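Structure first, commentary second.
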Amino acid sequence: MILVSGSLAYDYIMDFPGYFRDHILPEKLHVLSVSFLIDKMERNFGGTAGNIAYNLALLGEKPTILASVGKDFGDYRKWFQSLHRVARGFMPRLAAHKVPRYEVDLSCVRQVQDLPTAGAYIMTDKSDNQITAFYPGAMANRVTCNVKRVAQGAKMAIVSPGNLEDMKTLPVLYKKYGVPYIYDPGQAIPALSGKDLQQGVTGARVFISNDYELAMVLKKTGLTERGLLQKVSILVTTLGDKGSIIKASNPSRFPSPGLRLPSPLGRGQGDGGIMKFIIPPAKPKNTSDPTGAGDAYRAGLIKGLLLGLPYDKVGKLASTVAVYTVEKYGTQTHGFTWRQVLLRYKTNYGESLV
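The opening position of the sequence shown corresponds to residue 1 in UniProt numbering, with each subsequent residue numbered one higher.
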């Protein structure tokens, strides 16, 4: 079982056929008032927890989502309950009884009847720059799941952007109950204090962010990267279409029950006890929509860590999983089998994953 906390949201994904920069005057930012005419819009199932859980299910894991949803969650619930049927769509050659049973556990999802489910309104221009508005709705309510109970069977957890109180308390509970977790504050960083961020990072198995978010965390906490790696075993920094970087301190300092340490660590560059792995991006067949690629990367990261792969292979697996999302419009509209992932990995990196 993988515990996945964060948001469950409806994504309203919009395409702007130009460049934001052509419509924003830097000298007029103090009176900014712009309108963009979009040429495409779709409503999709999304949210950090939903996207990560979807990809974990495709990877053969059994994620349990911890999140709060609203009165309009019915369509989303049916989507997760029908994943087995959805999977048959991208495995047409397999007999029905041979299609894997993809599962997402919703028993820890709290439904609030007087508010709508959270909504993300995401507009992307031709350079893949994004402007996002997010309405939390029911996500303003904390989860009510018995964490002690679900922690007993958990192999790993990830704390992704969602209800702020959950983001503060879940790391404390995971440490208390011995669940190795990934700390992924992402879009919630501006709303969290430096103290909150330090508490979330301290004792985490992994801290993951993009390069801009990492800079914000270092500024708010007063830490350096080396200082951050004194509090967390693995630091993952995603760089969009430029790939990612994994830095690892001595993993034996953070023993994790049920989580195998990679052996060997992998091919990386050493620097004062810290190993650095530069992960080249996997190549997508097209770039329909980058939304959700980071969440897919996180699912691949979790899978690689659970397999006990060397760190460089963990990052390459994560990048391979991420490209499936980029190739489809929406964050849960793609599909893949484990065999397809292995082939895609070998095609991109010239080596076998396992």
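Yeah, the Cβ is synthetic: ideal placement off N, Cα and C, and Gly gets one too.
Model, not experiment: these values are computed from the prediction.
Check, Outcome
"Return no unless some Cβ of chain B is closer than 8 Å to the Cβ of K168.", "This model lacks chain B altogether, as it is built from one protein chain only."
"Which of the three DSSP states is assigned to P26 in this structure?", "helix"
"Taking the DSSP output, what are the residues bridged to P63?", "I2"
"Rounded to whole angstroms, what's the CA-CA distance from T48 to D22? Just pull it up for me.", "30 Å"
"Is the beta carbon of T320 closer than 8 Å to that of N348?", "yes"
"Let's see if you can read the secondary structure: which residues bound the beta strand (DSSP E) around M139?", "It is not in any beta strand (DSSP E) - M139 carries neither H nor E in the DSSP assignment."
"Just grab the DSSP bridge partners of E42 for me.", "I13"
"Going by alpha carbons, who is nearest to G308 out of M156, I24, Y54, A151?", "M156"
"The beta strand (DSSP E) spanning L229 covers which residue range?", "Unbroken run through L229: none, as it is neither H nor E."
"Could you check whether the segment 324-340 touches the segment 57-77, counting it as contact only if at least three pairs of C-beta atoms, one from each stretch, sit closer than 8 Å?", "yes"
"Starting from the Cα of A248, find the closest Cα among L305, K126, G292 and give me that residue.", "L305"
"Quick check: the Cα distance between K71 and K168, rounded to an integer number of angstroms?", "25 Å"
"Do the segment 197-205 and the segment 225-242 make contact, defined as three or more Cβ pairs closer than 8 Å?", "yes"
"Is the beta carbon of I122 closer than 8 Å to that of R298?", "no"
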